[in-house]
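Asks: Let me begin by handing over the structure; questions about it come next.
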Amino acid sequence: MADKQAVLRDFCAHVSSGKVAFFERYGMDFVMGRREGIYLWDLEGKKRLINLHCNGGVFNLGHRHPAIRMALHEAMDRYDIGNHHLLSAARARAAALLASLMPADLDYVVFGVSGGEAVDLAIKVARGYTGRTKIVSVRGGYHGHTGYALATGDEKYRAPFGPPLPGFVQVPFHDAEALAAAMTDDTAAVILETIPATLGMPVPSAEYMQAVRRLCDARGVLLILDEVQAGLGRTGKLWAFEHYDILPDMVVLGKGLSGGIYPITATVLRRPLERVFHPDPFVHVSTFGGAEPGCVVMQKVLEITSDPAFLAHVNDMAARIAERMAELLERHAGFLTGFRQKGLMMGLEMVDAYCGPLLTKTAYDHGLLMVYANNDKRVCQFLPPLIIEPHHLDEIFPRLDRALKQARRLRPLLKLRERVGGIFRKEKS
Ligand SMILES: Cc1ncc(COP(=O)(O)O)c(C=O)c1O
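Written as structure tokens, this is what we have:
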């Protein structure tokens with residue numbers, strides 16, 4: 084067994100000194116060891132966490148799902164990465180299955196390795212197809228840390244890395260008027276997360292989503308929906324946009340498509356958009372995008388998550404959680420101020436921005452891995468694996484109750500410390 088201190092030393096010296104310092108400061112220097120289903124253990128097997136974050140959906144099927152492992156094993160007997168320039172049976176089959184599960188003419192699939200790459204490609208297609216440049220996104224939304232994806236995001240992620248790219252504008256979430264005002268004749272696309280995870284899972288109304296579609300149609304603007312987190316059954320439907328009765332022009336998928344085991348992402352395009360690649364089909368390539376073992380894994384993920392019984396299970400669990408959460412909302416009234424939910428895409432809204440980070444820590448101390456929403460720190464994301472069973476709730480809810488109690492107790496102290504710290508900072512300067 085690896086020695087934890089040696090791991091911390093090497094990680095600090097060769098991966099990220101800042102991350103080690105951060106996690107040590109908060110007593111959360113957990114190094115992942117064994118993992119199975121909804122659980123993960125630290126390297127020494129001493130601490131166990133229930134994964135209620137799932138890396139934003141990477142572990143939709145829990146850790147090391149047996150059917151995914153089996154699919155990958157079988158793929159390893161036949162495949163390697165493949166050749167991204169050549170034709171591929173694995174890529175053709177995976178794309179055909181994905182297209183068959185998408186509505187209308189969302190027929191073409193461009194594979195990638197990361198969500199950011201898949202978003203970048205969607206923006207390239209939008210610009211190439213429309214001949215326009217402007218991209219509108221939502222403030223507080225998040226689409227990744229790569230080139231164009233980063234440019235759609237909030238300034239705090241971009242500012243350290245030089246001047247902003249031209250052509251990108253942000254509008255407030257859920258504000259169709261602001262969106263309309265931001266659109267011009269040069270607007271190529273609007274990009275939205277169907278439910279913005281990093282903004283703390285505010286669930287948009289059907290009126291808003293339909294207004295966005297109408298505004299795009301009126302101006303010949305393409306609508307890109309990022310379902311990297313919201314897709315693949317998370318909301319109780321296979322695709323979150325199905326709740327809104329709208330058809331996007333492109334859909335971006337990532338995270339859970341990997342089955343938690345082999346990275347693969349996809350940008351799904353409506354049929355006419357594929358014309359962008361007609362003059363030069365090699366104008367966009369990705370060496371590892373659509374690697375053949377990943378295609379096999381993705382097929383298995385799609386088979387599992389599109390099964391009506393699987394989606395019924397997600398909805399059943401969502402209803403059970405809503406019931407249990409109603410009790411917590413009552414018990415922690417004044418601290419817990421809201422519960423955001425679409426299926427198992429959920430966020431616990433609390434009274435101020437101290438609370439998200441605080442609950443992340445107290446939940447950790449009670450054996451729950453939850454992470455606050457970085458663009459709205461009042462909210463803790465609540466994303467259990469979709470394979471969660473009713474009996475797991477009996478483990479989770481008492482822990483969550485205790486974690487909330489502890490967070491309530493600590494919040495005034497944290498505020499005080501911040502104020503005192505503020506005074507000291509002022510005295511020093
Ligand atoms: C909604 C959304 N889009 C895109 C991304 C970027 O994905 P990746 O980290 O794989 O580049 C993320 C990552 O968290 C995400 O949550």
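Residues in the sequence shown are numbered from 84 upward in steps of one, following the working numbering. Just so you know, even glycine gets a beta-carbon here, dropped at the ideal spot from N, CA and C. Every value quoted in this text rests on a predicted model; they were computed, and no experiment measured them.
1) Can you list every residue whose CB sits closer than 6 Å to some heavy atom of ligand 1, going in chain order?
2) For residue 435, which three-state DSSP category applies?
3) Across which residues does DSSP place residue 424 in a beta bridge pair?
4) Can you confirm whether the segment 408 to 416 touches the segment 435 to 454 when touching is taken to mean that 3 or more C-beta pairs between the two stretches lie within less than 8 Å?
5) Can you say whether residue 109 is buried or exposed, counting buried as having 16 or more other CB atoms within 10 angstroms of its CB?
6) What are the residues that DSSP puts in a beta bridge with residue 378?
7) For residue 446 and residue 377, I'd like the C-alpha separation in whole angstroms.
8) So, do the segment 224 to 236 and the segment 247 to 259 have three or more beta carbon pairs nearer to each other than 8 Å?
9) With DSSP as the reference, label residue 333 as helix, strand or coil.
10) Examine the Cβ distances between the segment 242 to 249 and the segment 288 to 303 and report whether three or more of them are shorter than 8 Å.
11) Following the continuous beta strand (DSSP E) through residue 183, name the residue where it begins and the one where it ends.
12) Taking Cβ to Cβ, would you say residue 430 is nearer than 8 Å to residue 284?
13) Sort 196, 406, 435, 116 by Cα distance to residue 476 and report the nearest one.
14) Can you tell me which residues form a DSSP beta bridge with residue 276?
15) Rounded to whole angstroms, what's the CA-CA distance from residue 502 to residue 102? Just pull it up for me.
16) Write down the C-beta distance between residue 459 and residue 282 rounded to the nearest angstrom, noting that I regard them as a contact closer than 8 Å.
17) Can you look up residue 202 in the DSSP assignment and give me helix, strand or coil?
18) Would residue 375 be called buried (16 or more neighbouring beta carbons within 10 Å of its own) or exposed?
19) By how many angstroms is the C-alpha of residue 443 removed from the C-alpha of residue 455?
20) What is the residue span of the beta strand (DSSP E) that residue 131 lies within?
21) To the nearest angstrom, how far is the alpha carbon of residue 204 from that of residue 350?
22) Please report the straight-line C-alpha distance between residue 267 and residue 465, rounded to a whole angstrom.
23) Please specify which runs of the beta strand (DSSP E), each continuous and at least 3 residues long, are wholly inside the segment 111 to 171, giving them in chain order.
24) Reducing DSSP to helix, strand and coil, say where residue 492 ends up.
25) Could you compute how far the alpha carbon of residue 249 sits from the alpha carbon of residue 358?
26) Here's the rule I'm using: 16 or more other beta-carbon atoms within 10 Å means buried, otherwise exposed. How should residue 179 be labelled?
27) What do you reckon, are the CB atoms on residue 437 and residue 494 nearer than 8 Å?
28) Between which two residues does the beta strand (DSSP E) containing residue 86 stretch?
29) Please go through the same chain and pick out, in chain order, the residues whose beta-carbon is closer than 7 Å to the beta-carbon of residue 331, but skip the five residues on each side of it.
30) According to the Cβ coordinates, are residue 441 and residue 400 closer than 8 Å?
31) At a cut of 8 Å, does the segment 140 to 148 reach the segment 326 to 342 through at least three beta carbon pairs?
32) Just how far apart, CA to CA, sit residue 126 and residue 213?
33) Indicate the three-state DSSP secondary structure (helix, strand or coil) for residue 189 in the structure shown.
34) What does the Cβ neighbour count give for residue 417, buried or exposed, with the cut at 16 atoms within 10 Å?
35) Starting from the C-beta of residue 394, find all residues in its chain whose C-beta is less than 7 Å away, skip the five residues before and the five after it, and write them out in chain order.
36) Quick one, are the C-beta atoms of residue 271 and residue 218 less than 8 Å apart?
Replies: The structure says:
1) Sorted by chain position, residues whose beta-carbon lies closer than 6 Å to a non-hydrogen atom of ligand 1 are 139, 197, 198, 199, 202, 225, 226, 227, 276, 280, 309, 311, 312, 337.
2) Residue state, collapsed to three classes: coil.
3) For residue 424, DSSP records a beta bridge to 429.
4) Remark: fewer than three beta-carbon pairs, one from each stretch, lie closer than 8 Å, so the segment 435 to 454 and the segment 408 to 416 are not flagged as touching.
5) Classification of residue 109: exposed, given that the 10 Å Cβ count is below 16.
6) DSSP output for residue 378 lists no bridge partner at all.
7) Rounded to whole angstroms, residue 446 to residue 377 spans 33 Å at the Cα level.
8) The segment 224 to 236 is in contact with the segment 247 to 259.
9) Residue state, collapsed to three classes: strand.
10) By the Cβ criterion, the segment 242 to 249 is not in contact with the segment 288 to 303, since fewer than three pairs of Cβ atoms, one from each stretch, lie closer than 8 Å.
11) Run containing residue 183: none in the beta strand (DSSP E); it sits in the alpha helix (DSSP H), 172 to 184.
12) If you check the CB distance, residue 430 and residue 284 come in under 8 Å.
13) Residue 406 is the option with its Cα nearest to residue 476.
14) Residue pairing by DSSP places residue 276 opposite 309 in a beta bridge.
15) Rounded to whole angstroms, the separation of the alpha carbons of residue 102 and residue 502 is 25 Å.
16) About 5 Å; that satisfies the 8 Å criterion.
17) Residue 202 carries a helical assignment under DSSP once its states are collapsed to helix, strand and coil.
18) Residue 375 counts as buried, since at least 16 other C-beta atoms from the protein chains shown sit within 10 angstroms of its C-beta.
19) Cα to Cα, residue 455 sits roughly 6 Å from residue 443.
20) Start and end: 131 to 134.
21) Each residue's CA atom was taken as its position, placing residue 204 and residue 350 some 7 Å apart.
22) A straight-line Cα-Cα distance of about 37 Å links residue 267 and residue 465.
23) Within the segment 111 to 171, the complete beta strand (DSSP E) segments at least 3 residues long are 115 to 119, 122 to 125, 131 to 134, listed from N- to C-terminus.
24) Here residue 492 sits in helix by DSSP.
25) When the Cα atoms are used, residue 249 and residue 358 turn out to be separated by approximately 25 Å.
26) When all chains shown are included, residue 179 counts as exposed.
27) Their beta carbons are under 8 Å apart, which means residue 437 touches residue 494 by this criterion.
28) Looking at the DSSP string, residue 86 is not in any beta strand (DSSP E), and its letter there is neither H nor E.
29) Here the set comprises 306, 307, 308, 324.
30) The criterion of a C-beta distance shorter than 8 Å is not satisfied by residue 441 and residue 400.
31) Counting Cβ pairs under 8 Å, three or more are found: they touch.
32) Straight-line spacing of the CA atoms in residue 126 and residue 213 works out to 51 Å.
33) Of the three classes helix, strand and coil, the one that applies to residue 189 here is strand, per DSSP.
34) Exposed is the call here.
35) Non-local C-beta neighbours of residue 394 in its own chain, meaning closer than 7 Å and more than five positions away in sequence, comprise 316, 319, 320, 321, ordered along the chain.
36) Contact: yes.
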